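Numbering (numbering that gives the first Met the number 0), first residue to last: 0 to 661.
To keep things clear, I will list the structure first and then write my remarks on it.
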Amino acid sequence: MQALIDFLSQHPALALGVVFAASLLESVAVIGTIIPGSSVVVAAGVLIGLQVLDPWWVAATAVIGAILGDGFSFWLGHRYHERLRAWWPLSTHPELLARGQAYFAEHGGTSVFLGRFLGPVRAIVPVVAGMSNMPRLRFAVVNVLSAIAWSAAHLLPGALFGASLQLVGAVSSRLLILLAGVVAVVWLCTVLLRLTLRGAWPVASRQRDRMVAWARPRTGVFPRFVLSLLEPARPESLGLLIAAVMLLGGAWMFLGITEDVVSSDPLVQFDHVVFTALQKLRTGLVDEVMIAATELGSAMVAIAVIASVSVVLAWKRCWRTLAYWLTAVGFAQALVWILKMTLERARPMAMYDGTDQFSFPSGHAASSIVLYGFLAFLLAHKRSPKIRFTIALLAAGLVGLIAFSRLYLGAHWLSDVIASLSLGTAWVALLGITYMQHEPTERLPARTLLFTALGTLILAGSTVVVTHHAADAARYAPRQSTSTYLLVDWRVDGWQRLPAHRTEVDGDHEEPLSVQWAGTADRIVQELEAGGWRRPPPWTLRTTLLWLLPSTRVGQLPVLVKLHQGASPTMSFERELDPSRRLVIRLWPTSYQVGAVNDPPVALWIGMATLERLAHPAGMATLAMTDQDFGMPTAQLAKSLHTQGVRLNIKRRDTTAVLLVR
0 MQALIDFLSQ HPALALGVVF AASLLESVAV IGTIIPGSSV VVAAGVLIGL QVLDPWWVAA
60 TAVIGAILGD GFSFWLGHRY HERLRAWWPL STHPELLARG QAYFAEHGGT SVFLGRFLGP
120 VRAIVPVVAG MSNMPRLRFA VVNVLSAIAW SAAHLLPGAL FGASLQLVGA VSSRLLILLA
180 GVVAVVWLCT VLLRLTLRGA WPVASRQRDR MVAWARPRTG VFPRFVLSLL EPARPESLGL
240 LIAAVMLLGG AWMFLGITED VVSSDPLVQF DHVVFTALQK LRTGLVDEVM IAATELGSAM
300 VAIAVIASVS VVLAWKRCWR TLAYWLTAVG FAQALVWILK MTLERARPMA MYDGTDQFSF
360 PSGHAASSIV LYGFLAFLLA HKRSPKIRFT IALLAAGLVG LIAFSRLYLG AHWLSDVIAS
420 LSLGTAWVAL LGITYMQHEP TERLPARTLL FTALGTLILA GSTVVVTHHA ADAARYAPRQ
480 STSTYLLVDW RVDGWQRLPA HRTEVDGDHE EPLSVQWAGT ADRIVQELEA GGWRRPPPWT
540 LRTTLLWLLP STRVGQLPVL VKLHQGASPT MSFERELDPS RRLVIRLWPT SYQVGAVNDP
600 PVALWIGMAT LERLAHPAGM ATLAMTDQDF GMPTAQLAKS LHTQGVRLNI KRRDTTAVLL
660 VR
């Protein structure tokens with residue numbers, strides 16, 4: 000390999016010529032089936048990663064060669080048509096052309112794009128496209144796009160491999176052991192699951208038969224309930240059983256989440272993780288889509304759909320179904336209102352007034368799953384499995400989009416949405432069980448209901464999007480911290496108002512937050528870098544693979560992310576003490592500012608200083624372990640800043656020193 004690299008480094012034009020010829024010949028009629036063009040282009044990608052060849056020249060050469068090869072094949076087919084069958088080698092191998100024609104007949108113009116990636120037909124499909132008089136402009140567009148995609152699909156993996164070739168060679172044995180371990184675990188879990196299902200199904204069948212045999216001769220509510228759920232002869236038993244599982248599962252999940260919210264259990268901490276992550280991912284285009292989605296779940300759209308469905312049911316005199324319908328949506332709204340007023344949980348961001356200012360549970364999510372979930376049940380009842388699956392999939396997609404929009408826009412916590420979906424699922428399942436047990440004799444106009452509800456949703460949703468979009472865009476606009484507080488007494492006792500320990504997602508208190516720093520981000524970076532601290536390496540493919548090398552220096556490894564109240568550190572710095580130890584500083588912004596008499600207020604940051612030691616279990620990999628001595632890193636940071644003339648104070652909180660930096 001090194002000899003090839005040296006040779007191509009001295010003759011890059013030759014390498015580009017080989018890539019061009021391989022890309023061209025692989026697409027030429029018939030002979031392309033035996034030309035290893037893909038392998039040559041992948042090898043060129045490896046040389047790009049090794050910085051032997053220029054990536055742009057190689058990409059351009061491969062794309063142009065692929066375009067010309069397919070273009071020449073198309074011209075042959077368009078120019079000579081059926082006369083090609085008499086040409087060698089098609090005359091001796093007619094199955095090649097037959098295979099290409101069958102593929103083109105099945106996939107049409109798409110086959111030109113896909114065929115380039117399939118060895119058996121890649122050099123035949125362009126010929127067949129020409130013989131079939133495919134429009135030249137359409138072929139040209141598909142030809143160019145497929146050439147670009149084909150080149151990228153072969154160059155990028157090769158370049159990534161080439162960039163880390165040396166490193167992959169060093170960790171290959173460890174990667175092999177790791178991969179073998181993963182495969183073994185997956186295989187073992189698959190075998191255990193298969194054995195469990197094989198042994199559990201006969202046991203479950205016997206228990207079902209015993210319960211059915213016990214219930215058949217008996218009367219009463221419970222025996223009838225058992226027969227309705229488990230009797231194999233009843234076609235509706237499976238549906239009732241699924242509904243019963245949904246009812247129990249939804250109710251159990253809703254009660255569990257409610258308990259976590261009331262008692263501020265770890266789920267509440269995870270709410271902050273999801274909220275922070277989604278707010279960081281927001282972009283303008285996705286914001287527009289999510290605002291439109293949340294408007295589809297608004298009260299105006301819901302009322303319009305409820306009213307239109309009610310009118311159809313009343314017109315067809317389906318009075319009992321109408322009663323179920325109004326009970327479903329009415330009770331859900333009343334229960335959501337009662338829970339909001341009882342728990343009075345604040346939203347992630349203030350954006351509503353009155354009852355709507357409370358977050359738990361999500362009215363959008365609850366009303367959507369009850370409204371469209373029960374409507375889907377009515378439409379799918381007594382339909383074929385294919386129709387039932389299609390209706391359920393469409394309803395789940397609409398409800399899921401509305402529910403996710405509430406999370407994305409910061410209108411609700413994750414627990415609000417999950418609780419609402421659980422509550423709505425349990426309520427719809429209960430109504431479904433009751434409906435199937437006391438099924439009305441009315442014949443539902445399913446087709447009329449479907450088109451009425453769909454038309455109303457589109458019409459009302461479009462109206463709300465047009466009339467309310469500007470106001471909703473302002474309401475759901477991304478925001479920073481909702482409020483900033485001024486700590487004028489920070490150096491005296493105000494520092495004690497900040498958290499003493501880092502809070503993990505599960506609510507546990509971890510390392511002490513021993514650093515409080517008042518200053519701008521630029522000033523903090525400047526002072527730390529002047530004191531010998533540096534930014535740690537970023538997470539890349541190379542730095543990730545370095546964790547598999549026991550010989551890696553600590554300064555080569557990225558810093559592991561540690562969350563505080565759901566947020567990752569905004570700034571991280573390290574100072575290497577020796578090849579196996581380093582000091583690490585992680586800083587998070589707070590909602591406080593610190594002011595002085597003659598200075599403008601500046602942001603207050605909170606963080607921790609820790610010592611990390613490398614460990615090498617079984618000599619197979621590298622692990623970074625956080626030392627439990629938190630006093631030494633804080634003292635080292637204080638010493639470093641003191642020598643630079645930075646103003647600081649050291650306070651004591653229990654047995655922990657807190658460093659105040661200004």
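Heads up, the beta-carbon is just placed ideally off N, CA and C, and yes, glycines get one too.
Computed from a predicted structure; not experimentally measured.
Separation of residue j from residue i, as counted between CA atoms
{"i": "Ser414", "j": "Val285", "result": "22 Å"}
{"i": "Gly618", "j": "Leu544", "result": "15 Å"}
{"i": "Ile66", "j": "Val57", "result": "14 Å"}
{"i": "Asp628", "j": "Leu15", "result": "58 Å"}
{"i": "Arg344", "j": "Phe388", "result": "36 Å"}
{"i": "Trp55", "j": "Thr451", "result": "55 Å"}
{"i": "Gly219", "j": "Phe253", "result": "30 Å"}
{"i": "Ser131", "j": "Ile123", "result": "12 Å"}
{"i": "Asp488", "j": "Pro599", "result": "15 Å"}
{"i": "Ile63", "j": "Cys188", "result": "48 Å"}
{"i": "Trp546", "j": "Leu622", "result": "7 Å"}
{"i": "Glu25", "j": "Trp538", "result": "38 Å"}
{"i": "Thr481", "j": "Met348", "result": "With a pLDDT of only 49 at Thr481, under 50, the local geometry of the prediction cannot be trusted, and no value is derived from it."}
{"i": "Val39", "j": "Trp412", "result": "52 Å"}
{"i": "Pro549", "j": "Leu576", "result": "18 Å"}
{"i": "Thr320", "j": "Glu441", "result": "8 Å"}
{"i": "Phe274", "j": "Leu443", "result": "43 Å"}
{"i": "His641", "j": "Glu510", "result": "24 Å"}
{"i": "Ala199", "j": "Arg193", "result": "10 Å"}
{"i": "Ala303", "j": "Val465", "result": "16 Å"}
{"i": "Asp626", "j": "His271", "result": "27 Å"}
{"i": "Ser579", "j": "Glu573", "result": "13 Å"}
Reduced DSSP secondary structure (H/G/I, E/B, other) of residue i
{"i": "Ile649", "result": "strand"}
{"i": "His668", "result": "A query on residue 668 cannot be resolved here, the shown segment of the chain reaching from 0 to 661 and no further."}
{"i": "Ile417", "result": "helix"}
{"i": "His563", "result": "strand"}
{"i": "Thr481", "result": "Because Thr481 sits at a pLDDT of 49, beneath the cut-off of 50, its placement in the model cannot be relied upon, and the following sentence gives the value as read from the coordinates. Three-state result, Thr481: coil."}
{"i": "Ile584", "result": "strand"}
{"i": "Arg661", "result": "coil"}
{"i": "Gly44", "result": "helix"}
{"i": "Gly605", "result": "Looking at the sequence provided, one finds Ile at residue 605 rather than Gly. Strand at Ile605."}
{"i": "Arg193", "result": "helix"}
{"i": "Leu154", "result": "helix"}
{"i": "Gln592", "result": "strand"}
Supposed contact pair residue j and residue i - C-beta distance, whole angstroms, cut 8 Å
{"i": "Val553", "j": "Glu611", "result": "7 Å"}
{"i": "Ser567", "j": "Ile584", "result": "About 14 Å separates the two Cβ atoms, so there is no contact after all."}
{"i": "Leu75", "j": "Gly129", "result": "6 Å"}
{"i": "Pro632", "j": "Ala608", "result": "4 Å"}
{"i": "Leu659", "j": "Trp494", "result": "6 Å"}
{"i": "Ser72", "j": "Val126", "result": "5 Å"}
{"i": "Leu603", "j": "Gln515", "result": "7 Å"}
Buried versus exposed call for residue i [16 or more other C-beta atoms within 10 Å across all chains shown]
{"i": "Asp352", "result": "exposed"}
{"i": "Pro616", "result": "exposed"}
{"i": "Leu397", "result": "buried"}
{"i": "Gln668", "result": "Outside the shown range of the chain, which is 0 to 661, sits residue 668, and nothing can be said about it."}
{"i": "Arg522", "result": "exposed"}
{"i": "Phe330", "result": "exposed"}
{"i": "Ala517", "result": "buried"}
{"i": "Tyr475", "result": "buried"}
Member of the options whose CA lies at the smallest distance from the CA of residue i
{"i": "Gln635", "options": "Ser567, Val335, Gly530 and Val560", "result": "Gly530"}
{"i": "Val463", "options": "Gly64, Val300 and Thr424", "result": "Val300"}
{"i": "Trp532", "options": "Gly255, Ala349, Leu392 and Arg581", "result": "Arg581"}
{"i": "Ala512", "options": "Asp577, Thr654, Ser579 and Pro477", "result": "Here the sequence assigns Leu to residue 512, which means Ala is not the residue at that position. Answer by Cα proximity: Thr654."}
{"i": "Leu312", "options": "Phe269, Leu374, Val491 and Ser367", "result": "Leu374"}
{"i": "Asp355", "options": "Gln332, Ala391 and Ala459", "result": "Gln332"}
{"i": "Glu294", "options": "Asp471, Leu144, Gly248 and Ser639", "result": "Asp471"}
{"i": "Ala59", "options": "Pro444, Thr433, Leu448 and Ser150", "result": "Ser150"}
{"i": "Lys381", "options": "Ile417, Ile401 and Met435", "result": "Met435"}
{"i": "Ala327", "options": "Trp318, Gly372 and Thr455", "result": "Gly372"}
{"i": "His467", "options": "Val335, Ser297, Ala212 and Gln643", "result": "Ser297"}
{"i": "Ile368", "options": "Ser358, Ser383 and Val335", "result": "Val335"}
{"i": "Trp251", "options": "Leu277, Phe116, Ser421 and Leu113", "result": "Ser421"}
{"i": "Val491", "options": "Val593, Ala520 and Ala139", "result": "Val593"}
{"i": "Ala391", "options": "Leu370, Leu406 and Arg405", "result": "Leu370"}
Distance cut-off 6 Å: residue i Cβ against heavy atoms of the ligand NAD
{"i": "Ser307", "result": "Ligands in the displayed structure: none, and consequently the ligand NAD is not present."}
Cutoff 7 Å: residue i Cβ touching any chain C Cβ
{"i": "Gly68", "result": "Protein chain content of the structure displayed is limited to a single chain, and chain C is not contained in it."}
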